[in-house]
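These notes are about the structure you will find just below.
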Amino acid sequence: MENVLSQFDSSKEGLSKNEVLERQKEYGLNKIEEKKPTPLIKLFLIQFVDILIGLLIVAAIAAYAIGDVIDAGVIMLAVLLNVIMGFIQEYRSQKAVESLKNLIVKTAVVKRENKIEQINSEELTIGDLVILEEGDKVPADLILIEANNLTCDESSLTGESEAVKKDIEDEVYMDCNILSGNGIGVVKAIGMKTHVGEIAEVVQEDDEDTPLKAKVGRLGKTLSLIAIIVCIAIFILELLKGIPLVETFMTAVSLAVAAIPEGLPAVLTLTLALGMSEMAKSQAIVKRLLSVETLGSCTIICSDKTGTLTENRMTVVESYFTNEDRTLEIGKLCNNATISNGEAIGDQTDGGILKFCQNHKSDLRRIDEIPLDSNRKMMTTVHSLNGEKNIIFTKGAPEIILDKCKYIDYDGTIKIIDAESKEIIIKKIDEMSGHALRVIGFAYKFEDDHDTEENLTFTGLLGLADPPKKDAKKAVDDCLQAGIKVKMITGDHEKTACSIARNLGILTTGRTITGDQLEELTTEEYLAIADDIQVYARVKPKQKMRIVEALKSSGNIVAMTGDGVNDAPALKKASIGVAMGDGTDVAKESADMILENNDFATIVKAVKEGRKIYDNIKRFVKFQVSTNVGAILTIIGTSLLNLPLPFNPVQLLWLNIVMDGPPAQTLGIEGAEKDLMHRPPETGDILTRKTLIEILISGLVMAIGTIAVFAYQLSIKSSESKAMTIAFTLFVMYQLFNAYNRKADSDKPSTYLYLAIILSFLLQLLIIYLPQLQIIFRTTSISLIDWVVIIIVAFTIIIAEKIMKRVIK
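Residue numbers (our numbering): 4 to 812.
Structure representation (structure tokens):
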């Protein structure tokens, strides 16, 4: 220990910049090494480990064995295209998720060169002085040199959840949580040399499957099973018709590739990951894919007031003194904020009070502190009076301070506080609170035999204003239009909370309740009125859990904001836990989303982005699955009608590329629907009975149209090659029109979708008219009349979509 303590300046000024750089060079960065991402070559080769790819390779070998070199080459080209597309999707998903991890930066407050600053915790080095406050996560292994009622949760190391009291010269360990109190520690070990680093198995956890991904996966498996059964049936039927074995095998394999939506999960993951990256641009860092889905379904947002709906830029605008000098002295000394370059560093309320009181002269020395906590709602400091009795300063919630006071100080004249005096003070508190001010009470006493925070002497009140953020009212209006209820939860006085809530449009016809009133209600009584409550005032963090549970029990999808240690259980319990960017590490770890700018409007932006992503997921699911269904029904239909198969193996492979390629990919990045925030939240399953019926009808329209045109061409004695070319082209056009069906009704143009459709159409023209590609795809040129028929019939998918929408409405 002496070796470690010797590595920082004994004056406790902290390390110099040069010392920091030298030690970082010697000891490295303070981080736990993670498993490296999958190497690109391995990621590429993994794409070959797939049953469909294996079947295609077998089909190519079989074609080559019978001398069909062109088919063999085309099949291998299809293999490479599938592998490359899969590789690109996996790579983009991996990079998107990696970039999201890098957005969440853990910080530490240190003292260097006698200045307090906040740094990235990776920059910590041996000997650094780290300042710890309630709610912090310990950024490295430390030895305490100061400890004020400091308790620590070491359950991550010991498995024991009880708070551990820490004193000077005790160790605190990386990733443990400070539950109460504060202190200063010297960095003893960093990174892999910490207790956590030594025992950690460095394994990156895979993202858990979200409910939506699981449902889509199940649908894909169901379709795959149906497709495999159909393929086996087609294989047997074609053999019975006398079609050569190898050709029949290749057709069956190609149908399986076209009919099985193997690309669906990858596109889903990629869309969610890219959506998370898009949210991060608005300073909303979403930690879990599940949260993106949930955001689109949010029905209630429970928001803190200070710093989220308001600026958290507190300024004293009103005061009431019985002893002004003493109140200013308490405000200056019972305070943990500091002033640097005219700006307050630390808690905003403390900062506002310190700015107001900073010119008061006092040379008292602090010798002890009882830190502010969310349950007591008070902060107390003890100061030395040069050998005389110590003096105790206390500030906090005015009604609590007043309740603790036995005396009142009238400019040096001390009297027992009577009912009349109390009534005057309470009236002043109500008046200030009615002006939407945060009111702080001040008191003191000389040290005695009683409890430190009892028998106090009252000296005054300060009222601080915290203006609403400029975008907050519009954001609340946006929520209400979107069918999302907003509830304010604050520790502030009821009148202060109500005034702000009315200004923002949160408090309208609903009711207000205080934490004490909530405590008196039975579960049944609370559930009966929970939906009608719009403002919660004087709420303790532990009561947030009850609020979340009550709202969720009514079937709501609840977003809850928080920043403190005691908020963590509610954040974890909420459908979407939202932590503030300057909140405690415990809150951030418990949350699903972190607001880097602490702004309520950002939550609304995230909800909007979540809804957009959810819509886009529905788009490509409908597009891809309806194509799968269409391909399966077309093959079944022609077989039952004893017709030749309308597509050859190479054409089926091309259909798969069109389906999984540009049109499907661009549907995942469509703009937001115009009515996105003017419709109620979607809380149902994406794959509802209605959606499945839509998919089935779309598949039927494609199948019936393709079979009818194919059968007609055969009936008028068209060559089988021409009939197949027309049927093949018609099915491709169905896909392009179907992709158009899925576009968003958005102010943002569907430029990428249109480009994808045009690109696919141009490639189809080349397949039909370019002699070299005619040989490969076994196509033939078709006339303008044929194109008219193809366009008219393919257009029926758009008509069917319009009819379905009208019927559904």
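Virtual Cβ for every residue (Gly too), placed ideally from N, Cα, C. Model, not experiment: these values are computed from the prediction.
Query	Result
8 Å Cβ shell around Ser557 - same chain, five flanking residues per side excluded	Leu530, Ala533 and Asp534
C-alpha distance - Leu572 paired with Ser593, whole-angstrom precision	In the sequence on display, residue 572 carries Pro and not Leu. Each residue's alpha carbon lies about 8 Å from the other.
Proximity of Ile606 and Ala562 at Cβ, strictly below 8 Å	yes
8 Å CB neighbourhood of Asn506 in its chain, flanking five on each side removed	Ala439, Pro471 and Lys476
Leu733 to Leu648 span [Cα, whole Å]	14 Å
Separation of Ile432 from Lys392, as counted between CA atoms	32 Å
Helix, strand or coil at Ser593 [DSSP, three-state]	helix
Length of the line joining the Cα atoms of Thr499 and Ile304	20 Å
Element boundaries [beta strand (DSSP E), containing Ser718]	Here Ser718 belongs to no beta strand (DSSP E); instead the alpha helix (DSSP H) covers Arg692 to Ser718.
As assigned by DSSP and simplified to three states, the class of Ala797	helix
Chain-order list of residues whose beta-carbon lies under 6 Å from that of Glu599 (same chain, five-residue window excluded)	Gln286 and Gly584
From Asp376, Ile288, Ser387 and Asp328, residue whose alpha carbon lies closest to that of Asn362	Asp328
Three-state class that DSSP yields for Phe396 in the structure shown	strand
Same chain, Cβ closer than 8 Å to Glu314, five either side skipped, listed in chain order	Asp469, Pro470, Pro471 and Lys472
Any non-hydrogen atom of the ligand GTP within 7 Å of Arg549 CB	By its list of ligands, the structure shown contains no ligand whatsoever, and the ligand GTP lies outside what it can speak to.
Those residues which DSSP pairs with Gly813 across a bridge	Any question about residue 813 goes unanswered here, given that the chain covers just 4 to 812.
C-alpha gap between Phe445 and Leu464, whole angstroms	6 Å
Whole-angstrom C-beta distance between Gly17 and Arg115, which should lie under 8 Å	4 Å
Status (buried if at least 16 other CB within 10 Å, exposed otherwise) for His496	buried
Whole-number beta carbon distance between Ile801 and Met736, since they are thought to touch under 8 Å	Going by Cβ atoms, the distance from Met736 to Ile801 rounds to 11 Å, so no, they are not a contact pair.
Thr128 beta carbon less than 8 Å from that of Val190	yes
Under the three-state DSSP convention, the category Glu208 falls into	The predicted model places Glu208 with a pLDDT of 42, which falls under 50 and marks its position as unreliable; any figure quoted below should be read in that light. Glu208 falls in the coil class under three-state DSSP.
Sequence-distant residues of the same chain with beta carbon closer than 6 Å to Ile404, five excluded per side	Gly444 and Ala446
CA-to-CA distance, Ser377 to Ala400, given in whole angstroms	10 Å
Sequence-distant residues of the same chain with beta carbon closer than 6 Å to Gly613, five excluded per side	Val295, Leu298 and Gly299
Contact the stretch 713-727 vs the stretch 740-758: 3+ CB pairs below 8 Å	no
Endpoints, the beta strand (DSSP E) within which Glu120 is located	Lys118 to Asn123
Asn458 versus Met382 - alpha carbon distance	15 Å
Through-space distance from Lys608 to Leu277, alpha-carbon basis	16 Å
Validate contact between the stretch 697-711 and the stretch 623-643 using beta carbons, cut 8 Å, 3 pairs	yes
Sufficient close CB pairs (3 or more, under 8 Å) joining the stretch 176-186 to the stretch 140-157	yes
CB of Leu145 within 8 Å of CB of Glu120, strictly	no
Closest Cα partner of Glu528 within the set Lys545, Asn389, Ile550 and Leu510	Ile550
Within 8 Å, strictly: CB atoms of Met596 and Lys290	yes
Residues that DSSP places opposite Asn185 in a beta bridge	Glu136 and Asn151
Per-residue DSSP class, three states only, for Ser753	coil
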